[in-house]
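Structure first, then comments.
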Amino acid sequence: MTIATTVLSVLQVLIFPGTLFLLVLAFFYEWINRKFLARLQNRYGPMYTGPGGILQPFADFLKLLSKEDIMPITADTLLFSLAPVFYSALPLTAMFIVPVASQTGLISFEGDLIFVLFIFTLIVVTIFLSGWCSMTRFSVIGGVRAALQMLGYEIPMALAIVGPAIVAKSLSISGIVEWQQSNNIWNILLQPLGFAILVICLLAELGYVPFDIPEAETEIVAGWQTEYSGRKLALFRLGKDFELVFVSALLVSLFLGGPQQVWIVPSIVTFLIKTVAVVLLLTLLRAVFARFRIDQMISGMWKYLLPLAILQIILIQFGLGGLPL
Amino acid sequence: MGYGSTIKVPFGPQHPALKEPANFIFDVDGDIVVGIKPRIGYNHRGMEKAFELRTYLQNVYLAERICGICSDAHATAYVQGVEELLGAEVPPRAKYIRVIVAELERLHSHSLWVGVAAHEIGFDTLFMYLWRDREAVMNLLELISGNRVHYAMNTIGGVRRDIPADLIPKIKQALDFLEERTKYYLNMVKTEQTILKRTVGVGVLPPKDAVDLCAVGPTLRASGIKNDVRADDPYAAYGEIPFNVITHDQGDVFSRMLVRVEEMLESVNMTRYALDHMPAGMIRVKVPMAVPKGEAVSRVEAPRGELIHYAKSNGTTKLERYKVRSPTLGNIPAVCKTLMGGHLADVPIILAGIDPCFSCMDRMAFVDVKTSKHWVWTTQELKRHTSK
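Chains A and B supply the protein sequences, listed in that same order. In terms of our numbering, the first sequence is residues 1 to 325. In terms of our numbering, the second sequence is residues 326 to 713.
Next comes the structure, spelled out in structure tokens:
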């Protein structure tokens, strides 16, 4: 490996399409999310920091960094400090697998789809641990709820993600993107049911209404986040933004064809347009429901979503959901 | 969690579900509430003592400040009590104006409540929409009285401001808008699946319990009991205005929601009728400063339920004793009953279901339960306690 390619790959990881680019994207998508939610609710949303309040998420992040960092005396010190770091690092790691600027991600290997599922689970485990190690009532209840919720949506989500992998005959996200582009078709057209199931499960993963059960404000204050403040809370919020970017990028890669070069428009632009559309969709869904109760959520997931996810897989086996012959 | 052990979950006095200071400690087994211990009295404001220190006219403004949302109900209850002591007859036009302001207040209070209920179940969009449309009522009240919250319309012997004829078309226009929006929300509450999931069959209060535990207002009416001071013991001009007492018989949070939204439609119609049939004439009569010796109980149907004021005069320009029983206090035993056996996630919406207003409710008295002896603190003792 020459020095030039080494420098190039280091720059790729650090700047584009790596950490710095994703950081900017994370704050930008949080702004889109907040602004669009506010407009749907007939509010203004962020207004004053930058044009249209576009710098507000960044300003909030800086403000939280400078705030006092309080730790409950009963908390498990090590875990309490490590949880925010893990929470923000996990979705960022996963983002390197998802193709952003070209057909393949920064790191791509056969089986990285399984790795992504593993990261989704690790995020929830981190949430559970951060709630548990706070050792206060609201945090513990929030953490337990997050873990319970995962028991509900994890299997339908895995099945919905496996759908595109079956038709593309590849367990790598880059492979699925390549398959869609070489066949010139999007998976959403082939498997609309799978897309819908994945969107619902990812709403739960993100903790958006109607699945914001682990942090239900009116019930358990801030749920598993209750005891966090200052820079630890800032990291949690950053992690949530990374998760939003990651989730929308994953949906785009698996179902919407990923970053495609159309005519002279570079693939990064189509990637941005598609992910923004997904963020808008998630925000819209977030605005139009009331929150479910945890028992309703889990029974709904097992009663309706899981059979539907299995149905989708069966349909693919019968040739519906693959390429039209 | 679980395995037969319970954990104690405190709600309040500072908690996002309760915007006012009250404390409920729940024994939670897994996700089920198995025990509840309410603690009220965080916000004793010395209102009743303050009533005894001011003149009758000053007290009108004090009564209005018992509550920010049902300010007109408290003021009406107070002036009615004093008018009864004085034997003063209020002019008919003033009675109609009192009804108009009271019904507009009910409109804004109920739409506020439906918004809060939506927020409690995590439906923030509905909350924002309702509070936006509630502004129409607030503007209307400002148009009529000059104020958005404390209208200062009532005075002893009548009302302070007339509703001129040129305002009536404007009021009616706003009422049309409100009626249309309320119908939209009624339809939405009835059909939106996530709302139904969270409210139907939640916090059920059977009719017998509702009566036994002295529930009042929409909480009682949602259990199928037809009870409304406006119909049972008409005050102001309610005896002359036709209206339906809304009841629903499921007794759950959904019924409470329906009762309130349908009452909003009823209020729109009552206000329209009152505007059309308002008699001409004076709006107030002159009353003497000093009130003859006597006692009076005044009842008003506040948006949250039956409100009772008791006044005792001693022939001077100041009250001898005053007592306020706000509707929230009447609903506390009932809400504790409905919370038992429910899910922890349903606690906020059930608590909010009675439309609690804790700051209006808190009074102070010392009672020794064993010897049933009761006493009061002097100002010095209170001061000593607060500076501890």
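C-beta: ideal position from N, C-alpha, C; glycine also. Computed from a predicted model, the values in this text were never measured in an experiment.
With a threshold of 8 Å between beta carbons, is residue i in contact with chain A?
i	result
Tyr563 of chain B	no
Phe349 of chain B	no
Pro673 of chain B	yes
Val578 of chain B	no
Asp356 of chain B	yes
Thr331 of chain B	no
Ala461 of chain B	no
His433 of chain B	no
Pro341 of chain B	yes
Val334 of chain B	yes
Ala375 of chain B	no
Leu669 of chain B	yes
Arg457 of chain B	yes
Do residue i and residue j have their CB atoms nearer than 8 Å?
i	j	result
Lys643 of chain B	Thr380 of chain B	yes
Tyr454 of chain B	Leu466 of chain B	no
Ile119 of chain A	Pro156 of chain A	no
Ser172 of chain A	Phe109 of chain A	yes
Gly131 of chain A	Trp224 of chain A	yes
His687 of chain B	Ile394 of chain B	Going by the sequence as given, residue 687 of chain B is Asp instead of His. No, Cβ-Cβ distance for Asp687 of chain B and Ile394 of chain B is not below 8 Å.
Arg546 of chain B	Ile566 of chain B	no
Arg555 of chain B	Glu626 of chain B	yes
Pro658 of chain B	Leu468 of chain B	no
Val100 of chain A	Ala249 of chain A	yes
Leu235 of chain A	Val124 of chain A	no
Arg624 of chain B	Asp680 of chain B	no
Leu293 of chain B	Glu587 of chain B	The structure shown does not extend to residue 293 of chain B, since chain B is modelled only from 326 to 713, so the question has no answer here.
Gly207 of chain A	Tyr87 of chain A	no
Would you mind telling me which residues of chain B sit closer than 7 Å to residue i, beta carbon to beta carbon, in chain order?
i	result
Gln41 of chain A	Asp449, Thr450, Met453
Pro156 of chain A	Result: empty, since nearest Cβ-Cβ is about 19 Å, beyond 7 Å.
Ala147 of chain A	Result: empty, since nearest Cβ-Cβ is about 11 Å, beyond 7 Å.
Ala287 of chain A	Thr450
State the start and end residues of the unbroken alpha helix (DSSP H) segment that holds residue i.
i	result
Ile268 of chain A	267-287
Lys232 of chain A	230-255
Asp295 of chain A	294-300
Ser548 of chain B	Taken as a continuous stretch (DSSP letters only), Ser548 of chain B belongs to no alpha helix (DSSP H), as it is neither H nor E.
Check the Cβ-Cβ distances between residue i and every residue of chain B, and say whether any is below 8 Å.
i	result
Gly194 of chain A	no
Lys240 of chain A	no
Thr218 of chain A	yes
Pro214 of chain A	no
Val221 of chain A	yes
Arg137 of chain A	yes
Ala204 of chain A	no
Val209 of chain A	yes
Starting from residue i, trace the beta strand (DSSP E) both ways and give me its first and last residue.
i	result
Ile361 of chain B	357-364
Leu676 of chain B	From DSSP, Leu676 of chain B is part of no beta strand (DSSP E) but of the alpha helix (DSSP H) over 672-678.
Asn348 of chain B	348-354
His699 of chain B	698-700
Ile332 of chain B	332-336
Val649 of chain B	644-650
Tyr635 of chain B	630-638
Residue i: buried (16+ other C-beta within 10 angstroms of its C-beta) or exposed?
i	result
Thr283 of chain A	buried
Val359 of chain B	exposed
Gly412 of chain B	exposed
Met607 of chain B	exposed
Met47 of chain A	exposed
Ala4 of chain A	exposed
Gly257 of chain A	buried
Ile176 of chain A	buried
Ile70 of chain A	exposed
Pro192 of chain A	exposed
Arg709 of chain B	exposed
Asp558 of chain B	exposed
Asp693 of chain B	exposed
Ala690 of chain B	exposed
Lys232 of chain A	buried
Who are the neighbours of residue i on chain A, taking C-beta pairs under 9 Å?
i	result
Arg523 of chain B	Ala290, Arg291, Phe292, Arg293, Gln296
Please list, in chain order, the chain A residues whose beta carbon lies closer than 8 Å to that of residue i.
i	result
His444 of chain B	Thr218
Give the interface partners of residue i over in chain A, defined as CB-CB distance under 7 Å, in chain order.
i	result
Ile520 of chain B	Ala290
Mind pulling the chain E residues with CB within less than 7 Å of residue i?
i	result
Arg581 of chain B	Among the protein chains in the structure shown, which are A and B, there is no chain E.
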